[in-house]
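Beneath this line is the structure, given in structure tokens, with notes to follow.
Quick look at the structure:
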């Protein structure tokens, strides 16, 4: 789409876009280029020179047991976070939608966790499940279950999943609720006249009508769990125990800043870049065009 | 008849109560972590380290909060709150200003390289800061911007999401307005200030809410570039309050800090709910 009416001149628009171009170039394009460039080299241990290795870093990564494990961890983590945040959100949205009065109050209260930073959410959940002082872990202990996410990888994964999904429930709730409110009443009433009960109506009419929102949220939540959950993982488990919660973004950080392995870290960044690109394409192509009702 | 159908679709009586019960249960479960943090911020350390901790607030509210705010663990929480505020507002205002200007340029002017610029914007939509942390860190370090507000703010306003958003909005402004402005001999900047900016008010406000929360909740970036505790933001500073060894953490103060860290974004979201929801829908489309 283009404007028919435009202004003349070139120095004014150049001046107007200058701040954006400058900032993007310095803090975005140059670093992104550097990431790609550095991914082709292995620096020597003293950082004085580096050796060109072509795709060597990538080859090494794809053969690396820990990196492949991290891929799997990320896949499991993002699927679980997406499910654990979307299903409760849909459930809450469906019951909120049935209320004529009071849904505004519930909505206001359910929005809260969205405003809580992932890192803070991590601290809150860590506090509840802390092995020494946590309330939930204490009650679990009384029930005969010995909770210890510091040692048990599965429990650590469960905890970071729940802590990451918690804030997203608010987000997904808002989108589901808005979509439900947009479902035409006449369709629902017509089905009701035909004798369809609530759950029958939900499965056959409402859920299909929600499919664009659902697919959109699927992609957005996967992107979220890939990139924005760093704070949760760093505060709760720091990737442990035995790397059982080391997702890809966490590995970029720990290899690059803790391990000082710049070549490998950059190569990982580039791989992530492709993953984001792929997800973005899916979001634009698949979600926008294919999901019709 | 109409009443009957109504009754079939919207629940009455027992069903309505059940719906409310489910809803309240849901809210309670979602709210529990925040409630527990609040309770922990109002009791003494011995009450917490001897589980189970109480589930109702104690009487140490002022003690814990003033200890957190004015002495903290490494640095007073008041300092971290201030840093977070500067960072969040800097990101929100900075991003809105540069994107309003550049969106205006690409929509209302035809200049060489306009399409290149447009695709450049599109590219930046795809790359979160987490992916380019190491080289971005080197750039910021090279400029000597570690431990500075500039270092906290600039790399996070580099993506052009907001520009894209304003472009979409400017395209919906009727051409007649620009035509009229041109006929009246108004300069482009005059048109920008008197017509475009006032018309974008709601979009700007909605975007401000989203960007404020985005900036406030940043974790990884401040963690990397603020080595000086005086420059820590509150969201990343909390992790630094945990002792590294086997010592017991000062839970009441840490929990008071986490409550303080969530108050500003919660106020923004709850008080500007409509704008917030609008901003969410806009910025994700």
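Residue numbers (UniProt numbering), protein chains in the order written: chain C, 1 to 293; chain Y, 1 to 285.
Where a beta carbon is used, it is the ideal one built from N, C-alpha and C, also for glycine.
Below 8 Å on C-beta distance, what does residue i contact in chain Y?
| i | result |
| --- | --- |
| residue 110 of chain C | 26, 27, 30 |
| residue 124 of chain C | 33, 34, 36, 37, 258 |
| residue 262 of chain C | 134 |
| residue 38 of chain C | 134, 135 |
Going along chain Y in order, which residues have a C-beta closer than 7 Å to the C-beta of residue i?
| i | result |
| --- | --- |
| residue 4 of chain C | 175 |
| residue 184 of chain C | Within 7 Å Cβ-Cβ: nothing; residue 184 of chain C doesn't reach chain Y, min ~12 Å. |
| residue 128 of chain C | 33, 36 |
Hey, quick one: how far does the alpha helix (DSSP H) through residue i stretch, first residue to last?
| i | result |
| --- | --- |
| residue 111 of chain C | 103-115 |
| residue 78 of chain C | 65-98 |
| residue 167 of chain Y | 161-171 |
| residue 175 of chain Y | 175-183 |
| residue 263 of chain C | 262-281 |
| residue 143 of chain C | Residue 143 of chain C -> no alpha helix (DSSP H), and no H or E assigned at all. |
| residue 166 of chain C | 153-181 |
| residue 257 of chain Y | 251-271 |
| residue 240 of chain Y | 234-240 |
| residue 200 of chain C | 198-201 |
| residue 227 of chain C | 211-227 |
| residue 120 of chain Y | 114-124 |
Per DSSP, residue i forms a beta bridge with which residues?
| i | result |
| --- | --- |
| residue 106 of chain Y | Per DSSP, none; premise fails for residue 106 of chain Y. |
| residue 42 of chain C | C/51 |
| residue 7 of chain C | Y/109 |
Check whether the Cβ of residue i lies closer than 8 Å to any Cβ atom in chain C.
| i | result |
| --- | --- |
| residue 210 of chain Y | no |
| residue 5 of chain Y | The pLDDT assigned to residue 5 of chain Y is 46, lower than 50, so where the model puts this residue is not dependable, and the model offers no usable value. |
| residue 8 of chain Y | Residue placement at residue 8 of chain Y cannot be trusted, given a pLDDT of 49 that sits under 50; what the coordinates show is reported in the next sentence. Chain C contact via Cβ: present. |
| residue 206 of chain Y | no |
| residue 269 of chain Y | yes |
| residue 219 of chain Y | yes |
| residue 116 of chain Y | no |
| residue 278 of chain Y | no |
| residue 239 of chain Y | yes |
| residue 179 of chain Y | yes |
| residue 124 of chain Y | yes |
| residue 82 of chain Y | no |
Please return the same chain residues whose Cβ sits closer than 6 Å to the Cβ of residue i, not counting the five positions on each side in sequence.
| i | result |
| --- | --- |
| residue 212 of chain Y | 88, 92, 268 |
| residue 275 of chain Y | 205, 206, 209 |
| residue 2 of chain Y | For residue 2 of chain Y, the predicted structure reports a pLDDT of 44, less than 50, and the residue's modelled location is therefore unreliable. A value from the coordinates is still provided. Around residue 2 of chain Y: no qualifying Cβ. |
| residue 158 of chain Y | none |
| residue 103 of chain C | 96 |
| residue 254 of chain Y | 241 |
| residue 291 of chain C | Bear in mind that the predicted position of residue 291 of chain C carries a pLDDT of just 45, short of 50, making it unreliable; the figure below should be weighed with that in mind. Excluding sequence neighbours, residue 291 of chain C sits near 211, 212, 215. |
Step through the CB atoms of chain Y and report whether any lies within less than 8 Å of the CB of residue i.
| i | result |
| --- | --- |
| residue 41 of chain C | no |
| residue 13 of chain C | yes |
| residue 289 of chain C | With a pLDDT of 49 at residue 289 of chain C, under the threshold of 50, the predicted position of this residue should be treated as unreliable, though the coordinate-derived value follows. Taking Cβ atoms only, chain Y never reaches closer than 8 Å to residue 289 of chain C, which makes this a no. |
| residue 247 of chain C | no |
| residue 258 of chain C | no |
| residue 90 of chain C | no |
| residue 292 of chain C | Bear in mind that a pLDDT of 42 at residue 292 of chain C, under 50, signals an unreliable position, so the number given afterwards is only what the model happens to contain. With 8 Å as the cut-off, residue 292 of chain C does not count as an interface residue toward chain Y. |
| residue 95 of chain C | yes |
| residue 252 of chain C | yes |
Using a Cβ-Cβ cutoff of less than 7 Å, which residues in the same chain neighbour residue i once the five nearest sequence positions on both sides are dropped?
| i | result |
| --- | --- |
| residue 169 of chain C | 85, 88, 89, 113 |
| residue 261 of chain Y | 234, 235, 238 |
| residue 77 of chain Y | 68, 69, 234, 257, 260 |
| residue 267 of chain C | 39, 57, 58, 61 |
| residue 153 of chain C | 241, 242, 244 |
| residue 140 of chain Y | 146, 151, 155, 225 |
| residue 64 of chain Y | 41, 42, 252, 253, 256 |
Applying a beta-carbon distance threshold of less than 8 Å, which residues of chain C neighbour residue i?
| i | result |
| --- | --- |
| residue 229 of chain Y | Chain C residues near residue 229 of chain Y: none, gap ~17 Å exceeds 8 Å. |
| residue 101 of chain Y | 16, 17, 19, 20 |
| residue 272 of chain Y | Per Cβ cutoff of 8 Å: no residues; residue 272 of chain Y is ~11 Å from chain C at best. |
| residue 251 of chain Y | 127, 133 |
Just to make sure I have the definition right: I need the residues of chain C whose C-beta is within less than 7 Å of the C-beta of residue i. Which are they?
| i | result |
| --- | --- |
| residue 132 of chain Y | 31, 32, 35, 269 |
| residue 266 of chain Y | 112, 115 |
Applying a beta-carbon distance threshold of less than 9 Å, which residues of chain Y neighbour residue i?
| i | result |
| --- | --- |
| residue 53 of chain C | By Cβ distance, chain Y contributes nothing, its closest Cβ being about 17 Å from residue 53 of chain C, past 9 Å. |
| residue 9 of chain C | 109, 111, 188 |
The ligand NAP and residue i: does the residue's C-beta get closer than 7 Å to at least one heavy atom of that ligand?
| i | result |
| --- | --- |
| residue 95 of chain Y | Within the structure as shown, the ligand NAP is missing, as the structure has no ligands at all. |
Leaving aside the five residues before and after residue i along the sequence, list all residues of the same chain whose C-beta is less than 8 Å from its C-beta, in chain order.
| i | result |
| --- | --- |
| residue 111 of chain Y | 105 |
| residue 289 of chain C | Residue placement at residue 289 of chain C is poorly supported in this model, since its pLDDT is 49, which falls under 50; the coordinates still yield a value, given next. Excluding sequence neighbours, residue 289 of chain C sits near nothing in its chain. |
| residue 141 of chain C | 147 |
| residue 53 of chain C | 40, 41, 42, 263 |
| residue 55 of chain C | 40 |
| residue 38 of chain Y | 57, 255, 259 |
Which bits of chain C does residue i rub up against, with CB to CB less than 9 Å?
| i | result |
| --- | --- |
| residue 216 of chain Y | 115, 117 |
| residue 182 of chain Y | 5, 7 |
| residue 139 of chain Y | 26, 27, 30, 31, 34 |
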